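Asker: Dropping the structure in here first, questions after.
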Amino acid sequence: MIRRIFRPLLAPLQTRGIIIEKEVKQTENKLLAKIGEKIKSNGPMSVAEFMNICVSDPEYGYYTTKQQIFNVGGDFTTAPELGQFFGEVFALLNSKSLGVWIEVLLKQMLGVLKVPSTPISIIELGPGTGKLALDVLRSLFTIRKSLQGINMSFVDISDKLKTTQQQKLLNFLQSKNVYMNYKEIEVGPQKMDSFTSDGDFSMCWGRTLAQVMEHDLRRMESAKK
11 MIRRIFRPLL APLQTRGIII EKEVKQTENK LLAKIGEKIK SNGPMSVAEF MNICVSDPEY
71 GYYTTKQQIF NVGGDFTTAP ELGQFFGEVF ALLNSKSLGV WIEVLLKQML GVLKVPSTPI
131 SIIELGPGTG KLALDVLRSL FTIRKSLQGI NMSFVDISDK LKTTQQQKLL NFLQSKNVYM
191 NYKEIEVGPQ KMDSFTSDGD FSMCWGRTLA QVMEHDLRRM ESAKK
């Protein structure tokens with residue numbers, strides 16, 4: 011009886027599941043063929059090269075082509091997606107840790123807070139949906155009351171995820187009346203997205219760690235002049 015009731019409701023989901031499974035298998039077969047051709051042409055392939063093709067190939071790579079990676083409808087989730095505590099702790103550790111925590115408590119009790127102005131540079135590899143970066147940014151803003159001297163750099167090979175991250179962070183900044191100026195810059199063989207504010211706060215996105223590190227070095231050298 012129960013099966014008869016729910017079978018019509020489950021049928022569309024089962025059909026969709028079969029279609030998705032077929033699409034995944036087709037992609038896997040094409041990727042396998044591509045890897046096979048590379049091995050035939052160039053000989054044995056290292057594990058590093060194999061993994062790089064699997065995750066970042068422009069046509070069939072996991073992170074470059076998959077529509078839904080995280081959370082519901084995706085393949086996995088990460089700690090920041092479960093709550094903001096992870097990002098808040100990270101922000102405290104990057105703001106003189108216990109000293110700042112005590113100052114925050116003093117502010118709550120006495121209404122007085124001396125905000126540390128130590129420059130902070132944060133690099134995140136594979137920011138995903140941008141949830142961790144948002145929690146860190148929100149916590150730093152709460153603690154310091156300013157984003158001055160903070161630079162956030164992100165490494166991601168997925169254009170789709172990069173767009174999601176940028177929208178999430180820019181929306182938060184706009185809600186705090188922090189407005190960013192966009193500029194596309196060339197660092198190495200590829201271009202980067204760079205955002206800067208009038209208050210010495212910046213964010214940038216690159217495709218490799220080397221590219222982001224080079225940009226950070228340029229930025230620090232420029233700041234010394």
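Counting from 1 along the sequence shown, just add 10 to a position and that's the residue number in my numbering.
Note that CB positions come from ideal geometry on N, CA and C, so glycine has one too.
All figures in this text were calculated on a predicted structure; none of them were measured in a lab.
Hey, is the segment 138–152 in contact with the segment 45–53, meaning 3+ C-beta pairs nearer than 8 Å?
Answerer: Contact fails: fewer than three Cβ-Cβ distances are below 8 Å.
Asker: Using 8 Å for Cβ pairs, my map puts Gln200 next to Gln221. What's the rounded Cβ distance?
Answerer: Residue mapping note: residue 200 aligns to position 190 of the sequence shown, counting from 1. Residue mapping note: residue 221 aligns to position 211 of the sequence shown, counting from 1. Yes, Gln200 and Gln221 are in contact; Cβ-Cβ is about 6 Å, under 8 Å.
Asker: Taking the alpha-carbon of Asn62 as reference, which of Thr218, Met190, Lys193 and Ser232 has the nearest alpha-carbon?
Answerer: Against the sequence shown, residue 62 aligns to sequence position 52. Considering only alpha carbons, the answer is Thr218.
Asker: The alpha helix (DSSP H) with Met190 in it runs from where to where?
Answerer: Within the sequence shown, residue 190 is the residue found at index 180, counting from 1. Premise fails: Met190 is in no alpha helix (DSSP H) and is neither H nor E.
Asker: Classify Tyr70 as buried or exposed, calling it buried when 16 or more other Cβ atoms lie within 10 Å of its own Cβ.
Answerer: Along the sequence shown, one-based indexing puts residue 70 at 60. Under this definition Tyr70 is a buried residue.
Asker: Cβ of Trp215 within 7 Å of Cβ of Lys172?
Answerer: Stepping through the sequence shown from its first residue, residue 215 is reached at position 205. Stepping through the sequence shown from its first residue, residue 172 is reached at position 162. For Trp215 and Lys172, yes; Cβs fall inside 7 Å.
Asker: With a threshold of 6 Å on Cβ separation, who are the neighbours of Phe205 within its own chain once the five nearest residues in sequence on each side are excluded?
Answerer: Reading the sequence shown from its first residue, position 195 is the one you call residue 205. Within the same chain, Phe205 has close Cβ partners Met190, Tyr192 and Met213.
Asker: Please list, in chain order, all residues of the same chain as Val197 whose beta carbon is under 6 Å from its beta carbon, the five residues on each side excluded.
Answerer: Locating residue 197 in the sequence shown gives position 187, counting from the first residue. Hits under 6 Å: Gln221, Glu224 and His225.
Asker: Which of helix, strand or coil does DSSP assign to Asn91?
Answerer: Here residue 91 corresponds to residue number 81 of the sequence shown, with the count starting at 1. This sequence places Glu at residue 91; Asn is not what is there. Glu91 falls in the helix class under three-state DSSP.
Asker: Decide yes or no for the touch test of the segment 82–93 against the segment 147–158: beta carbon pairs closer than 8 Å, at least 3 of them.
Answerer: Contact between the segment 82–93 and the segment 147–158 is absent, because fewer than three Cβ pairs lie under 8 Å.
Asker: With distances taken Cα to Cα, identify the nearest neighbour of Asn230 among Val188, Glu98 and Asn161.
Answerer: Counted from its first residue, the sequence shown places residue 230 at position 220. The question names Asn, but residue 230 is Met in the sequence shown. Comparing Cα positions, the closest option is Asn161.
Asker: In three-state terms, what does DSSP make of Asn81?
Answerer: The residue given as residue 81 occupies position 71 in the sequence shown. Looking at Asn81 - three-state DSSP - the assignment turns out to be coil, as it is neither helix nor strand.
Asker: Can you name the start and end residues of the alpha helix (DSSP H) that Ser66 belongs to?
Answerer: Numbered from its first residue, the sequence shown carries residue 66 at position 56. Segment Val57 to Ser66, the alpha helix (DSSP H) holding Ser66.
Asker: How about Ser163 and Ile133: do their beta carbons lie closer than 7 Å?
Answerer: The sequence position of residue 163 within the sequence shown is 153, counting from 1. The sequence position of residue 133 within the sequence shown is 123, counting from 1. Taking 7 Å as the Cβ cut-off, Ser163 and Ile133 qualify as a contacting pair.
Asker: Judging by CA-CA distance, which residue of Leu147, Asp166 and Gln77 is the nearest neighbour of Gly159?
Answerer: Here the question's residue 159 lines up with position 149 in the sequence shown. Taking only the C-alpha atoms, the option nearest Gly159 is Leu147.
Asker: On the CB-based measure, 16 or more other CB atoms within 10 Å of its CB, does Gly97 come out buried or exposed?
Answerer: One-based indexing of the sequence shown puts residue 97 at position 87. Looking at its Cβ environment, which holds 16 or more other Cβ atoms inside 10 Å, Gly97 is buried.
Asker: Return the CA-CA distance between Tyr73 and Lys40, expressed in angstroms with no decimal places.
Answerer: The residue you call residue 73 lines up with position 63 of the sequence shown. The residue you call residue 40 lines up with position 30 of the sequence shown. When rounded, the distance between both Cα atoms is 16 Å.
Asker: Could you pull the DSSP bridge partners for Lys200 from this structure?
Answerer: The residue given as residue 200 occupies position 190 in the sequence shown. Here residue 200 turns out to be Gln, not Lys, going by the sequence shown. Paired residue(s): Val197.
Asker: Under 7 Å between the Cβ atoms of Ile167 and Ser66?
Answerer: Reading the sequence shown from its first residue, position 157 is the one you call residue 167. Reading the sequence shown from its first residue, position 56 is the one you call residue 66. Cβ distance < 7 Å, so Ile167 and Ser66 count as in contact.
Asker: Measure the Cβ-Cβ separation of Asn81 and Thr88 and say whether it is below 7 Å.
Answerer: Your numbering for residue 81 matches position 71 in the sequence shown. Your numbering for residue 88 matches position 78 in the sequence shown. The answer is no: Cβ separation not under 7 Å.
Asker: Express the C-alpha separation of Met202 and Ser149 in angstroms, rounding to a whole number.
Answerer: Counting from one through the sequence shown, the residue named residue 149 turns up at place 139. Counting from one through the sequence shown, the residue named residue 202 turns up at place 192. In a straight line, the C-alpha of Ser149 is about 26 Å away from that of Met202.
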